[in-house]
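Before any comments, here is the structure.
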Amino acid sequence: MAPGVHHGPVPRLLALETDIRPDELGLVADVCSLGRSALCEVVVPRETVSRLHARIVRDGPRFRLEDAGSANGTFVNGERLTAPHLLADRDWIGLGSPAPLLAYADPDPTVVATGRLRFDERSLRFSLGGHPVELTPNEFRLLRFLHQHAGQLRTREQCAEAIWGPDYVPGWESDALDRVVSNLRGKLRRIDPSELIRTRPGLGYELIP
Numbered sequence: 009m010a011p012g013v014h015h016g017p018v019p020r021l022l023a024l025e026t027d028i029r030p031d032e033l034g035l036v037a038d039v040c041s042l043g044r045s046a047l048c049e050v051v052v053p054r055e056t057v058s059r060l061h062a063r064i065v066r067d068g069p070r071f072r073l074e075d076a077g078s079a080n081g082t083f084v085n086g087e088r089l090t091a092p093h094l095l096a097d098r099d100w101i102g103l104g105s106p107a108p109l110l111a112y113a114d115p116d117p118t119v120v121a122t123g124r125l126r127f128d129e130r131s132l133r134f135s136l137g138g139h140p141v142e143l144t145p146n147e148f149r150l151l152r153f154l155h156q157h158a159g160q161l162r163t164r165e166q167c168a169e170a171i172w173g174p175d176y177v178p179g180w181e182s183d184a185l186d187r188v189v190s191n192l193r194g195k196l197r198r199i200d201p202s203e204l205i206r207t208r209p210g211l212g213y214e215l216i217p
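Last residue of the sequence shown: number 217 in the numbering used here, and the count goes up by one each step with no gaps.
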C-alpha cells in the first residue's frame with residue numbers, strides 16, 4: 009500500500025489524558041511518531057517521555073509499536089517492550105511508565121459490540137461493558153443527554169444547555185464544553201477504546217448506539 013493511501017476505516021490511536029494531542033489520530037501514514045517533541049504526530053508533554061519516544065510502523069495490514077531508544081521505556085498493557093509489538097485492538101500504550109496514555113482501536117468489523125453503554129435508572133449510574141463509569145456531575149449530565157438521544161446529532165449549544173441549564177450565555181461555554189467532552193472520552197476509553205462519542209466538526213456530538 010502506498011504511503012497515505014487507505015481504504016475504509018483505519019486503526020486509530022485514542023488519547024487517554026487531556027494533555028495529549030491530538031485527541032484521536034487515524035493511522036493513515038506508514039510511520040507515526042510518539043514523543044514529547046512538537047514535531048511528533050502524537051505529542052505527549054511528560055517529563056518521563058523522550059522527545060522521540062516510540063514509533064508505530066505499518067506491517068502489512070497491521071501496525072507494530074517500536075521503542076525509539078527512549079530513556080524510560082515503552083509499555084503495552086503494563087509490560088515493557090523488549091522487541092517490536094504487533095498491535096491488537098484494545099492494546100493500551102504507556103510511554104515512560106506502565107500507566108496507559110494511549111489506546112489502540114482496530115476497526116476490524118469482526119469485533120463489534122453493541123449496547124455496550126448501560127444506564128441504571130434506579131442507581132443513576134452508567135456502566136460500560138459491565139464496568140462502572142465514575143463521572144463528575146457535568147460529565148454525567150452530558151453523557152445522560154447524549155445517551156437519551158443515542159444515534160442522533162446533538163449541537164454544541166444543546167450539549168452545553170444539558171450541562172449548565174438554559175441560563176448559560178452562548179459562547180462562554182466553548183472551552184468548558186471541550187474540557188468536559190475530552191475528560192468524558194478519556195474515562196470511557198480507559199474501559200473500552202472503541203469510538204463512543206463521535207465529533208461532527210462545527211456541528212456537535214453523537215453517541216454511537
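Even for Gly, the Cβ is constructed at its ideal location relative to N, Cα and C. All of these numbers come straight from a predicted model, not from anything done at the bench.
Mapping DSSP to helix, strand and coil, what is residue i?
i, result
"V120", "At V120 the pLDDT is 39, less than 50, meaning the model places this residue with poor confidence; the figure from the coordinates comes in the next sentence. Three-state DSSP puts V120 in coil, outside helix and strand."
"A113", "strand"
"G194", "helix"
"D200", "coil"
"S131", "coil"
"D97", "coil"
"P11", "Below a pLDDT of 50, predicted positions are generally treated as unreliable, and P11, at 41, falls in that range; the measurement from the model is reported next regardless. Note: P11 maps to coil in three-state DSSP."
"I216", "coil"
"E74", "strand"
"I205", "strand"
"V84", "strand"
"H155", "helix"
"L21", "strand"
"L150", "helix"
"L136", "strand"
"L143", "coil"
"T26", "coil"
"I161", "Correcting the residue type first, residue 161 is Leu in the shown sequence and not Ile. Coil at L161, not helix or strand."
"L125", "strand"
"L103", "strand"
"L185", "helix"
"A91", "coil"
"A170", "helix"
Among the candidates the options, whose CA atom is the shortest distance from the CA of residue i?
i, options, result
"L103", "H93, L94, T82 and E32", "T82"
"L89", "A96, W100 and D75", "D75"
"H139", "A170, N146 and L125", "L125"
"Y112", "P209, R208, P217 and E32", "E32"
"L94", "I171, G43, R66 and V141", "R66"
"A96", "T207, P201 and Y213", "P201"
"L24", "C167, V36, V57 and I101", "I101"
"R149", "G86, G43, A170 and R133", "A170"
"F134", "R54, G77, T26 and L196", "L196"
"W172", "E147, D114, R72 and G194", "E147"
"D99", "A91, L22 and G137", "L22"
In or out: residue i buried (at least 16 other Cβ within 10 Å) or exposed?
i, result
"A158", "exposed"
"T122", "Because T122 sits at a pLDDT of 39, beneath the cut-off of 50, its placement in the model cannot be relied upon, and the point is left open."
"P19", "buried"
"T118", "Caution applies to T118, whose pLDDT of 42 falls short of 50 and renders its modelled position unreliable; the value that the coordinates give is listed next. Exposed, by the Cβ-count rule."
"V39", "exposed"
"L211", "exposed"
"R206", "exposed"
"D183", "exposed"
"E142", "exposed"
"A168", "buried"
"P17", "exposed"
"R218", "Outside the modelled stretch of the chain, which goes from 9 to 217, sits residue 218, for which no answer is possible."
"L161", "exposed"
Please decide whether residue i counts as near chain D, where near means a Cβ-Cβ distance under 9 Å.
i, result
"A76", "Checking the listed chains, one finds no chain D in this structure; it contains a single protein chain."
With a threshold of 8 Å (Cβ to nearest heavy atom), would residue i be considered close to the ligand SAH?
i, result
"A79", "This structure lacks the ligand SAH, and indeed carries no ligand of any kind."
Requested in this report: Give a yes or no on contact between the stretch 128-144 and the stretch 36-48, applying the rule of three or more CB pairs nearer than 8 Å.
Outcome: When Cβ pairs closer than 8 Å are counted between the two stretches, the stretch 128-144 is seen not to touch the stretch 36-48, the count staying below three.
Query raised in the report: Which parts of the stretch 31-72 are runs of the beta strand (DSSP E), unbroken and 3 residues or longer, counting only runs that do not cross its ends?
Result: For the stretch 31-72, whole beta strand (DSSP E) runs of length 3 or above, ordered along the chain, are 32-34, 39-43 and 62-67.
Query raised in the report: How do the stretch 202-216 and the stretch 144-161 stand: do at least 3 beta-carbon pairs fall below 8 Å, yes or no?
Result: At 8 Å Cβ cutoff, the stretches touch.
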